[in-house]
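Since the structure comes first, as structure tokens, the remarks are kept for the end.
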Amino acid sequence: MLAHEKWFVPDAGGYPTDWAFVLRPVTAALLLAVLLATALWRYVAVRFLPAPELKVLRFFGRVVPYVPRLLAIHLGVSLLAAAVSGHFLTHDLDVDELAGGSALLLFEGALGVWFITGIRLRPAAILLALTGPMALLLTGPVGLLSAMDLLGVAVFLSFVPPSDAAFGRVEPDPATLRKALLALRLGAGGALVTLAFAEKLANPALARETLRMFPRLDVFALVGIHVPVDTYVAVAGATELLFGLLVISGALPQAAVLVAGIPFNATLLLFGGTEMLGHLPVYGVFLTLLAYGSNPATARLVRWLPRLRGRTPAPAPVLTS
Numbered sequence: 000m001l002a003h004e005k006w007f008v009p010d011a012g013g014y015p016t017d018w019a020f021v022l023r024p025v026t027a028a029l030l031l032a033v034l035l036a037t038a039l040w041r042y043v044a045v046r047f048l049p050a051p052e053l054k055v056l057r058f059f060g061r062v063v064p065y066v067p068r069l070l071a072i073h074l075g076v077s078l079l080a081a082a083v084s085g086h087f088l089t090h091d092l093d094v095d096e097l098a099g100g101s102a103l104l105l106f107e108g109a110l111g112v113w114f115i116t117g118i119r120l121r122p123a124a125i126l127l128a129l130t131g132p133m134a135l136l137l138t139g140p141v142g143l144l145s146a147m148d149l150l151g152v153a154v155f156l157s158f159v160p161p162s163d164a165a166f167g168r169v170e171p172d173p174a175t176l177r178k179a180l181l182a183l184r185l186g187a188g189g190a191l192v193t194l195a196f197a198e199k200l201a202n203p204a205l206a207r208e209t210l211r212m213f214p215r216l217d218v219f220a221l222v223g224i225h226v227p228v229d230t231y232v233a234v235a236g237a238t239e240l241l242f243g244l245l246v247i248s249g250a251l252p253q254a255a256v257l258v259a260g261i262p263f264n265a266t267l268l269l270f271g272g273t274e275m276l277g278h279l280p281v282y283g284v285f286l287t288l289l290a291y292g293s294n295p296a297t298a299r300l301v302r303w304l305p306r307l308r309g310r311t312p313a314p315a316p317v318l319t320s
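Written as structure tokens, this is what we have:
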């Protein structure tokens with residue numbers, strides 16, 4: 000159940016937060032398992048496995064020079080679709096709740112077109128990275144954090160915008176690219192972590208209502224396994240949290256994208272175009288991680304994390320296509 004419940008449940012903002020649900024034995028055990036699995040995932044990836052980890056997918060690495068252009072198109076189409084439908088950045092944020100909503104929609108639509116064109120995108124990315132948080136703060140910190148995937152894409156494109164060469168081809172230096180990828184991972188992973196708590200683990204009432212309205216989301220029931228609703232909510236929230244942490248870790252990006260892509264694509268069968276357009280930036284992030292994670296020259300940059308102490312390791316070799 001990785002759909003955005005607030006996009007499809009009426010009056011979704013009226014469901015109370017219940018942090019006690021997080022402390023239940025089943026939920027707490029699942030959260031502990033998620034943290035341990037994430038730590039083990041990164042440890043095994045860094046210590047024992049090659050990068051890229053799946054040689055059969057190395058052909059995806061050929062699109063690396065064109066990834067910023069493709070990512071910008073994903074972001075631009077999502078922004079334009081949100082503006083046309085009367086929402087700002089996310090489909091659960093109606094402009095009626097914001098002062099100057101019409102101007103925001105016009106600005107959002109113009110930014111969407113700008114990103115789609117691929118022309119001199121660094122100013123557009125900076126504008127989105129600055130304007131988005133200011134507008135979303137009017138709806139509270141949860142609204143801001145749940146849209147971190149868009150902001151992560153904007154920061155990535157401010158570091159690595161498409162060039163004026165054919166098809167936006169760009170080959171950034173490794174130091175710049177690893178910072179851009181870190182921002183992208185923090186944005187996309189942070190959004191997933193936020194939604195895991197805001198729509199499931201700390202808001203089980205909303206998750207229960209979503210499951211009541213859309214019983215086909217219960218994948219256990221579809222295969223003949225019947226579990227209590229609250230158990231399913233805890234499993235769904237823990238799964239979304241796991242995917243968010245794996246994205247942030249940057250470890251085994253090929254495997255992580257393949258695994259996370261299954262539930263993200265499965266919900267399209269139920270929610271259709273709204274889900275697809277709303278998740279376009281996430282699909283763009285997955286494409287980015289898969290492409291850079293499949294290229295031998297960039298794979299290790301995907302999992303880079305800044306050191307808390309000690310010297311920073313030397314940059315990787317200059318990128319090649």
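In numbering that gives the first Met the number 0, the protein residues as written are 0 to 320.
In this text, a Cβ means the ideal position worked out from N, Cα and C, and glycines have one as well.
Where the alpha helix (DSSP H) through residue i begins and ends
{"i": "residue 209", "result": "203-212"}
{"i": "residue 72", "result": "66-83"}
{"i": "residue 18", "result": "Note, residue 18: premise wrong, no alpha helix (DSSP H); not H, not E."}
{"i": "residue 294", "result": "No alpha helix (DSSP H) contains residue 294, which DSSP labels as neither H nor E."}
{"i": "residue 94", "result": "First-last for residue 94: undefined, no H or E at that position."}
{"i": "residue 178", "result": "173-195"}
{"i": "residue 25", "result": "24-47"}
{"i": "residue 256", "result": "252-265"}
{"i": "residue 115", "result": "100-116"}
Residue from the options with nearest C-alpha to residue i
{"i": "residue 278", "options": "178, 80 and 240", "result": "80"}
{"i": "residue 147", "options": "289, 86, 280 and 116", "result": "280"}
{"i": "residue 265", "options": "215, 210 and 226", "result": "215"}
{"i": "residue 322", "options": "152, 302, 179 and 297", "result": "The structure shown does not extend to residue 322, since the chain is modelled only from 0 through 320, so no value can be given for it."}
{"i": "residue 254", "options": "50, 27 and 33", "result": "50"}
{"i": "residue 67", "options": "299, 286 and 293", "result": "286"}
{"i": "residue 172", "options": "141, 180 and 20", "result": "180"}
{"i": "residue 101", "options": "136, 84 and 112", "result": "84"}
{"i": "residue 145", "options": "193, 139, 86 and 116", "result": "193"}
{"i": "residue 21", "options": "225, 209, 230 and 116", "result": "230"}
{"i": "residue 250", "options": "39, 28 and 8", "result": "39"}
{"i": "residue 209", "options": "228, 224 and 52", "result": "228"}
{"i": "residue 275", "options": "76, 55 and 30", "result": "76"}
{"i": "residue 118", "options": "166, 82 and 142", "result": "166"}
{"i": "residue 155", "options": "174, 139, 190 and 178", "result": "178"}
{"i": "residue 299", "options": "32, 106, 142 and 52", "result": "52"}
{"i": "residue 340", "options": "86, 48 and 174", "result": "What the structure shows of the chain is the stretch from 0 to 320, and residue 340 is not part of that stretch, so it cannot be assessed."}
{"i": "residue 261", "options": "303, 226, 218 and 224", "result": "218"}
{"i": "residue 256", "options": "27, 223 and 56", "result": "56"}
Other residues of its chain near residue i: CB distance less than 6 angstroms, five sequence neighbours each side excluded
{"i": "residue 246", "result": "184, 187 and 188"}
{"i": "residue 14", "result": "202, 204 and 205"}
{"i": "residue 305", "result": "none"}
{"i": "residue 196", "result": "none"}
{"i": "residue 283", "result": "70 and 73"}
{"i": "residue 252", "result": "288, 292 and 301"}
{"i": "residue 259", "result": "242"}
{"i": "residue 226", "result": "219"}
Cβ distance (whole Å) where residue i is taken to contact residue j below 8 angstroms
{"i": "residue 94", "j": "residue 103", "result": "6 angstroms"}
{"i": "residue 74", "j": "residue 114", "result": "5 angstroms"}
{"i": "residue 297", "j": "residue 120", "result": "So it is not a contact: roughly 20 angstroms between Cβ atoms."}
{"i": "residue 290", "j": "residue 60", "result": "6 angstroms"}
{"i": "residue 212", "j": "residue 8", "result": "7 angstroms"}
{"i": "residue 143", "j": "residue 136", "result": "6 angstroms"}
Cβ-based neighbour list, residue i, same chain, cut-off 7 angstroms, excluding 5 preceding and 5 following
{"i": "residue 110", "result": "78, 123, 126 and 127"}
{"i": "residue 199", "result": "206, 232, 235, 236 and 239"}
{"i": "residue 43", "result": "none"}
{"i": "residue 169", "result": "64, 67, 159, 161 and 162"}
{"i": "residue 16", "result": "201 and 202"}
{"i": "residue 191", "result": "239, 242, 243 and 246"}
{"i": "residue 311", "result": "Low local confidence applies: a pLDDT of 49 at residue 311 is under 50, so the model's placement there is unreliable, with the coordinate-based value given in what follows. Excluding residues within five positions, none has a Cβ falling inside 7 angstroms."}
{"i": "residue 33", "result": "237, 240, 241 and 244"}
{"i": "residue 29", "result": "233, 234 and 237"}
{"i": "residue 25", "result": "230 and 233"}
{"i": "residue 139", "result": "none"}
Residues of its chain near residue i, where Cβ-Cβ distance is below 8 angstroms and the 5 sequence neighbours each way are ignored
{"i": "residue 37", "result": "241, 244, 245 and 248"}
{"i": "residue 129", "result": "none"}
{"i": "residue 182", "result": "151, 154, 155 and 158"}
Check: residue i C-beta below 7 angstroms from any heavy atom of the ligand NAD
{"i": "residue 92", "result": "Within the structure as shown, the ligand NAD is missing, as the structure has no ligands at all."}
**Q.** Runs of beta strand (DSSP E) lying entirely within the stretch 217-246, each at least 3 residues, in chain order
**A.** Taking only runs of at least 3 residues, no beta strand (DSSP E) segment lies wholly in the stretch 217-246.
(Q) Report the start-end ranges of each alpha helix (DSSP H) in the stretch 131-160 that is 4 residues or longer and not cut off at the edges. (A) Correct list: 140-145 and 147-158.
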